[in-house]
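Numbering (this note's numbering), first residue to last: 10 to 178. So the structure is just underneath, and the comments pick up after that.
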């Protein structure tokens, strides 16, 4: 005895679970709204600040920007973005000893941000040599909510923090 089943009889059975799964997934995505999650928010403010720092250095008439040495203190993202944008003389520092080796042909700059401001070691090192730095520019940095949630006290949602560009003398 041969049983014959047509394809038409099998198709609705196979598509019904698939349609159900798609409907459930769409409902979950729409109700969960992953695009509103903290992790999806833009975190490229430091990249824009790095671009602005390099543009400001190019606009200074007394130096060639590619000869400037940029030191970043406690801001690895700024170090990354400055290097990624092609500035060859960029490096992270954990202290201010570079002041003992600056030269006239390569002006040195120190870039500090919110991490340095919150670091008591930086404050201790910076206070005695403050007169060896000239504030060139201050940039407003708006950390994303994800960054603020990673801090001890997230604070005000609209809070901006300064990123400071100093020229060493």
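We put the CB at the ideal spot given by N, CA and C, even for glycine.
Check each candidate in the options and name the one with the smallest Cα separation from residue i.
i           : options       : result
residue 80  : 65, 95, 104   : 104
residue 169 : 177, 147, 176 : 147
residue 86  : 106, 72, 52   : 52
residue 106 : 29, 177, 30   : 177
residue 140 : 36, 175, 154  : 175
Quick one: Cα of residue i to Cα of residue j, how far?
i           : j           : result
residue 133 : residue 93  : 31 Å
residue 75  : residue 127 : 30 Å
residue 156 : residue 25  : 44 Å
residue 62  : residue 110 : 22 Å
residue 91  : residue 40  : 39 Å
residue 88  : residue 108 : 19 Å
Can you tell me whether DSSP reads residue i as helix, strand or coil?
i           : result
residue 40  : helix
residue 157 : helix
Quick check on residue i: buried or exposed, where buried means 16 or more other Cβ atoms within 10 Å of its Cβ?
i           : result
residue 152 : buried
residue 135 : buried
residue 34  : exposed
residue 117 : buried
residue 99  : buried
In the DSSP assignment, the alpha helix (DSSP H) including residue i goes from what residue to what residue?
i           : result
residue 123 : 123 to 126
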